[in-house]
Amino acid sequence: MSRGNLRAIKRRIASTESTMQITRAMQMVAAARLNKIQRQWKGIKDYSNYAERILKKVPFVEESFYTQNSEGSLIFVITPDMGLAGSFPSDLVKEALRVKSKLEDFKGYFALGAKGYSGLKSETVLEKEINLFDIPKVDNAEYLLDIIFQIMENKGISKVKVVYGELKNALIQLPKTYDLLPITKDKFEIDARYEYEPEEEKVFEDAAYQYLLSKMYLFLFETKLSELHARQNAMKNATDNAHDLIEELNLEYNKQRQASITQELIEIVNGANMQ
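Quick look at the structure:
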């Protein structure tokens, strides 16, 4: 057995160990970031729930920017800027394409995140935002909502669907679609016991905007949590696979080294017998 094979196996072991150090470090970074931001998750969900409950208690206004229901659909796709998160980014892109295939009045995409834009750049992308934030904040949600409103006005769009990453649990993150606009009457319960000041239209507009803002913030944050969980899981799997591969390579190295030593001993013995 040649020593060249042994050196090649040694190089593969060293390369795999180096890769394992990187994947383990990325797993630890994702876990640390999750621990840091997960404490905010309950408050964000509560904020969204309260905003929806408020909207359900105000008079519904038929003639509103938020309730118009004409032709034209926009798909807002929330994806990561970074990869190394398993199939999570590509699953979001696939969901966006699936939603588009079912729409007869599709006008275009608004892609948030480098992975979304990369996967959809051959499609009709009306707007894109890349590297907008690390951890989303309310200001980011407000900024994106304003862009959506501008697209709606410029392109004659009244329907907005959001594709985001739903966090089922630490091991399962799935793409999901939510009908953000228009706000429809059948979703809300009007409580006639109350009178509102100033006018009902103003109350509805303010409540509707807070509802949309809270939902946008929720989707951004949930997708970020899903991304970090997906990356943590992907890096853990990569680390485990690298560890298994190193064990296999060490076993192969020891086998070949033993075979090489045995071969050398045989050659020495044969040489001694020939003398």
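Residue numbers (the UniProt record's numbering): 1 to 275. By construction, the Cβ of each residue, glycine as well, lies at the ideal position given by its N, Cα and C atoms. As the structure is a computational prediction, the values presented were derived from the model and not from experiment.
Beta-carbon proximity list for residue i, same chain, < 7 Å, skipping 5 on both sides
i	result
MET216	ALA141, LEU144 and LEU145
ASP179	LYS161
PRO89	THR79, PRO80, GLY83 and LYS115
LYS100	ILE75 and PHE106
MET1	With a pLDDT of only 48 at MET1, under the threshold of 50, the placement of this residue in the model should not be trusted; the figure read from the coordinates follows. The residues are GLN256, ALA259, SER260 and GLN263.
GLU205	SER64
Boundaries (first-last residue) of the alpha helix (DSSP H) holding residue i
i	result
PHE88	88 to 101
TYR47	41 to 56
Local conformation of residue i per DSSP, three classes
i	result
LYS107	strand
PHE76	strand
TYR211	helix
MET1	At MET1 the pLDDT is 48, less than 50, meaning the model places this residue with poor confidence; the figure from the coordinates comes in the next sentence. Three-state result, MET1: coil.
Outcome for residue i when other beta-carbon atoms lying within 10 angstroms are tallied against a minimum of 16
i	result
THR184	exposed
GLU104	exposed
SER15	exposed
SER70	exposed
PRO136	buried
ARG231	buried
PRO198	exposed
ASN131	exposed
THR124	exposed
GLY43	exposed
GLY4	exposed
GLY156	exposed
TYR109	buried
ILE172	exposed
TYR50	exposed
Run of the beta strand (DSSP E) containing residue i, from where it starts to where it stops
i	result
GLY116	Careful: GLY116 lies outside any beta strand (DSSP E), inside the alpha helix (DSSP H) at 114 to 120.
Nonlocal neighbours in the same chain, by C-beta distance under 6 Å from residue i, ignoring five residues either side
i	result
residue 279	A query on residue 279 cannot be resolved here, the shown segment of the chain reaching from 1 to 275 and no further.
TYR47	SER214
THR23	MET235, ALA238 and THR239
THR177	VAL99, LYS161 and VAL163
PHE223	It is worth fixing the name first, because residue 223 is Thr in this sequence and not Phe. Same-chain partners within the cutoff: ILE78, TYR164 and GLY165.
ASN129	Strictly speaking, residue 129 in this sequence is Glu, with Asn absent from that position. LEU112.
Sequence-distant residues of its chain with Cβ nearer than 8 Å to residue i (five each side left out)
i	result
LEU249	ILE9, ARG12, ILE13 and THR16
GLU252	ILE9
Chain B within 8 Å of residue i, Cβ atoms only
i	result
SER260	Within the model displayed, chain B is absent; a lone protein chain is all it includes.
Which runs of the alpha helix (DSSP H) fall wholly inside the stretch 117 to 203 and span at least 4 residues, in chain order? 138 to 155
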